[in-house]
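Under this note's numbering, the first residue of the sequence shown carries the number 3, and numbering increases by one thereafter. All C-beta atoms in this analysis are idealised placements derived from N, C-alpha and C, irrespective of residue type, glycine included. Structure record follows, encoded as C-alpha cells.
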Amino acid sequence: MKTAYIFPGQGSQFPGMAKDLYPSRKELFEKANEILGFRITDIMFEGEADALKATKVTQPAIFIHSTILAMEQAQQPDMVAGHSLGEFSALVAAGALSFEDGLRLVAARAAAMQKCCEKVPGTMAAVIKLDDETIERICAHIPGVVPANYNSPGQVVISGELSAVEEACAKLKEAGAKRALVLPVSGAFHSPLMEPARIELAKAIEATPFKTPRCPIYQNVTAAPTTDPGLIKENCLKQLTSPVRWTKTVQNMIADGASRFVEIGPGTVLQGLVSRIAADPELIIEGIQ
Numbered sequence: 003m004k005t006a007y008i009f010p011g012q013g014s015q016f017p018g019m020a021k022d023l024y025p026s027r028k029e030l031f032e033k034a035n036e037i038l039g040f041r042i043t044d045i046m047f048e049g050e051a052d053a054l055k056a057t058k059v060t061q062p063a064i065f066i067h068s069t070i071l072a073m074e075q076a077q078q079p080d081m082v083a084g085h086s087l088g089e090f091s092a093l094v095a096a097g098a099l100s101f102e103d104g105l106r107l108v109a110a111r112a113a114a115m116q117k118c119c120e121k122v123p124g125t126m127a128a129v130i131k132l133d134d135e136t137i138e139r140i141c142a143h144i145p146g147v148v149p150a151n152y153n154s155p156g157q158v159v160i161s162g163e164l165s166a167v168e169e170a171c172a173k174l175k176e177a178g179a180k181r182a183l184v185l186p187v188s189g190a191f192h193s194p195l196m197e198p199a200r201i202e203l204a205k206a207i208e209a210t211p212f213k214t215p216r217c218p219i220y221q222n223v224t225a226a227p228t229t230d231p232g233l234i235k236e237n238c239l240k241q242l243t244s245p246v247r248w249t250k251t252v253q254n255m256i257a258d259g260a261s262r263f264v265e266i267g268p269g270t271v272l273q274g275l276v277s278r279i280a281a282d283p284e285l286i287i288e289g290i291q
C-alpha cells in the first residue's frame with residue numbers, strides 16, 4: 003500500500019487551528035512568529051474568522067498548521083502533492099524545503115499576491131457540471147479569462163478580468179453548465195494577471211535552497227512526479243500564473259500505486275475532491291487536522 007500525503011490550499015483556515023499542536027512544537031510556532039514579524043499564533047489560536055481571512059495571515063497559517071501536523075506523523079509518505087499554496091507544505095513534508103525557508107517563501111508569496119490583487123483587479127468563478135474541453139474552448143475565445151483550477155471532473159474554476167469572467171460564465175451556462183458562479187475572491191489567481199506577483203516571488207524562490215525530496219512530489223503545473231530540485235524550483239516559479247491540474251495529479255498518483263490518500267492540514271476539501279476523481283470504493287481517503 004502506497005500512501006500519498008496531500009496538503010490543502012487557501013480557504014481551509016478556521017479559528018483555533020493548530021492550537022493543540024503548540025505544546026509539542028512550541029519552538030517551531032515561536033520561530034514562525036519571529037520570521038513573520040507578528041504573532042500569527044495569537045490569530046490562529048484566539049482570533050476571529052475575519053482576522054484569519056487576510057492573505058498575509060491565511061497562507062502562512064495554513065502552511066504552519068499543515069507542515070507541523072505532518073511532522074507529527076510517524077509514517078513517511080510515498081508521494082506528496084499540495085493544492086496551490088499546499089504545494090509549499092508538500093515540499094517541506096518531503097524534505098525539499100526547510101520549515102523556515104518554506105515559511106519565508108509562503109510569506110513572500112502572500113505579500114506578492116496581495117500587492118498584485120490591489121494593482122491588477124481580477125476574479126474567479128466556479129463552473130459546475132461541464133466538461134473540461136468545453137470550458138477550455140469557450141475561454142479560448144474570450145480574451146482575459148483562463149481555466150485556473152481543474153479540481154475534479156465537473157468542477158473547474160476559471161480566472162481573469164472581471165468582465166471576461168462574467169462573459170465566460172454566461173456562455174458556459176448556455177453551453178450546459180449547471181452553475182457558473184463568480185467567487186468572493188480578491189484576485190485572478192493562477193492566471194496571467196498574476197505575472198507581477200510571479201516576477202516578485204521569483205527573486206525569493208531563486209534565492210532559496212531546494213534539496214532532493216525524500217519522495218516524489220506531484221506539482222500543480224505538470225501533475226507529474228519529480229524529485230529534481232531544479233525542476234521543482236522551476237515549477238514553483240510557474241505556479242502563480244499556471245492552472246492547478248489537481249484532477250490529473252490525483253489520477254497520476256493512483257496510476258503510480260497510491261491506495262491511501264491522507265489530507266494533512268485544516269479542512270476536508272481535498273478528501274472530497276479525491277473521492278470524486280477516483281470513484282473507487284477500495285481507495286482509502288482520510289484526513290488529519
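Exercise. Pick from A182, V158, Q157 and G178: whose alpha carbon is nearest that of E169?
Worked result: Sequence index remark: in the sequence shown, residue 169 carries index 167 (1-based). Residue A182 is the option with its Cα nearest to E169.
Exercise. Where does N153 fall in DSSP's three states?
Worked result: Residue numbering aside, residue 153 sits at position 151 when the sequence shown is read from its first letter. N153 falls in the strand class under three-state DSSP.
For this session: Taking L132 as the reference, give the member of E176, A6 and V108 with the closest Cα.
Result: For the purposes of this step, residue 132 is taken as residue 130 along the sequence shown, with counting starting at 1. Closest option to L132, Cα to Cα, is E176.
Problem set entry | Coarse secondary structure for V148, derived from DSSP in three states | For the purposes of this step, residue 148 is taken as the residue at position 146 of the sequence shown. In the structure shown, V148 sits in a strand (DSSP, three-state: E or B).
For this session: Could you tell me the distance, in whole angstroms, from the CA atom of E89 to the CA atom of C118?
Result: For the purposes of this step, residue 89 is taken as residue 87 along the sequence shown, with counting starting at 1. For the purposes of this step, residue 118 is taken as residue 116 along the sequence shown, with counting starting at 1. Their backbone Cα atoms lie some 20 angstroms apart in a straight line.
Problem set entry | Identity of the residue in T136, D282, I160 and C217 nearest F191 by Cα | Translated into positions along the sequence shown, residue 191 becomes position 189. Cα-wise, what sits closest to F191 is I160.
Exercise. Sorted by chain position, which residues of the same chain lie with C-beta nearer than 7 angstroms to Q12's C-beta, five sequence neighbours on each side aside?
Worked result: Position 10 of the sequence shown, counted from the start, is the residue given in the question as residue 12. Once the five neighbours on either side are set aside, the close Cβ partners of Q12 are T60, Q61, I64, S86 and L87.
Exercise. Which partner residues of G84 appear in the DSSP bridge assignment?
Worked result: What you label residue 84 is simply residue 82 of the sequence shown in a count that begins at 1. Beta-bridge pairing links G84 to F9.
Exercise. Using 8 angstroms as the threshold, is the segment 137-152 in touch with the segment 93-103, meaning 3 or more CB pairs across them?
Worked result: no
Exercise. From P123 to A166, what does the alpha carbon distance come to, in whole angstroms?
Worked result: Locating residue 123 in the sequence shown gives position 121, where the first residue counts as 1. Locating residue 166 in the sequence shown gives position 164, where the first residue counts as 1. Approximately 12 angstroms between the Cα atoms of the pair.
Problem set entry | V129 versus A20 - alpha carbon distance | Within the sequence shown, numbered from 1, the residue matching residue 129 stands at position 127. Within the sequence shown, numbered from 1, the residue matching residue 20 stands at position 18. Taking the straight line from one Cα to the other gives about 32 angstroms.
Problem set entry | Residues of its chain near F16, where Cβ-Cβ distance is below 7 angstroms and the 5 sequence neighbours each way are ignored | Here the question's residue 16 lines up with position 14 in the sequence shown. Taken in chain order, the residues that qualify are P268.
Problem set entry | Integer-rounded CB distance, given that G289 should sit under 8 angstroms from V252 | Within the sequence shown, residue 252 is the residue found at index 250, counting from 1. Within the sequence shown, residue 289 is the residue found at index 287, counting from 1. That pair is no contact at about 15 angstroms.
For this session: Give a single yes or no on whether P211 has its beta carbon closer than 7 angstroms to a heavy atom of the ligand GTP.
Result: Looking at this structure, you won't find the ligand GTP or any other ligand, since it has none at all.
For this session: Keeping to the same chain, check which residues put their C-beta closer than 6 angstroms to that of R111; ignore five residues upstream and five downstream.
Result: If you number the sequence shown from 1, residue 111 lands on position 109. Cβ neighbours of R111 beyond the five flanking positions: L203.
Problem set entry | Helix, strand or coil at L285 according to DSSP, with G and I counted as helix | In the sequence shown, the residue the question calls residue 285 occupies position 283. DSSP places L285 in coil when its eight states are reduced to three.
Exercise. Residue range of the alpha helix (DSSP H) that A20 falls in?
Worked result: Counting from one through the sequence shown, the residue named residue 20 turns up at place 18. No alpha helix (DSSP H) holds A20; DSSP gives it neither H nor E.
Problem set entry | 8 angstroms contact criterion, which R106 and A206 should meet: CB distance rounded | Start at 1 with the first residue of the sequence shown, and residue 106 comes out as number 104. Start at 1 with the first residue of the sequence shown, and residue 206 comes out as number 204. That pair is a contact at about 7 angstroms.
Exercise. From N254 to K28, what distance separates their C-alpha atoms?
Worked result: Sequence index remark: in the sequence shown, residue 254 carries index 252 (1-based). Sequence index remark: in the sequence shown, residue 28 carries index 26 (1-based). So the two alpha carbons sit approximately 37 angstroms from each other.
Exercise. Among K4, M3 and S14, which has the Cα closest to the Cα of Q273?
Worked result: Taking the first residue of the sequence shown as position 1, residue 273 is located at position 271. Closest option to Q273, Cα to Cα, is S14.
For this session: Just the C-alpha distance for Q70 and T249, rounded to the nearest angstrom, thanks.
Result: What you label residue 70 is simply residue 68 of the sequence shown in a count that begins at 1. What you label residue 249 is simply residue 247 of the sequence shown in a count that begins at 1. Contrary to the premise, residue 70 reads as Ile rather than Gln in this sequence. If I take the Cα positions, the gap works out to 26 angstroms.
Exercise. So what's V122 in DSSP terms, helix, strand or just coil?
Worked result: As a working note, residue 122 is residue 120 in the sequence shown. Reduced to three states, the DSSP call for V122 is coil.
For this session: For Q77, count neighbouring Cβ atoms within 10 angstroms of its own Cβ and tell me buried if that reaches 16, exposed if not.
Result: Indexing the sequence shown from 1 puts residue 77 at position 75. Looking at its Cβ environment, which holds fewer than 16 other Cβ atoms inside 10 Å, Q77 is exposed.
Exercise. Since A114 and V246 are thought to touch, with beta carbons under 8 angstroms apart, how far apart are those beta carbons, to the nearest angstrom?
Worked result: Looking up residue 114 in the sequence shown gives position 112. Looking up residue 246 in the sequence shown gives position 244. Rounded, the Cβ-Cβ distance is 17 angstroms, inconsistent with contact.
Exercise. Which ranges would you report for the alpha helix (DSSP H) in the segment 164-229 if only whole runs of at least 4 residues count?
Worked result: 164-176 and 197-208
Problem set entry | Buried versus exposed call for E208 [16 or more other C-beta atoms within 10 Å across all chains shown] | In the sequence shown, residue 208 corresponds to position 206, counting from 1. Exposed: under 16 other Cβ atoms inside 10 Å.
Problem set entry | With 16 other Cβ atoms within 10 Å as the buried cut-off, status of G104 | Here residue 104 is taken as the residue at index 102 of the sequence shown, counted from 1. It counts as buried.
Exercise. What residue does the alpha helix (DSSP H) around V59 start on, and which one ends it?
Worked result: For the purposes of this step, residue 59 is taken as the residue at position 57 of the sequence shown. It spans T57 to M73 - the alpha helix (DSSP H) in which V59 sits, taken as one unbroken run.
Problem set entry | Closest Cα partner of C217 within the set K240, A260 and E236 | One-based indexing of the sequence shown puts residue 217 at position 215. Nearest of K240, A260 and E236 to C217, Cα basis: A260.
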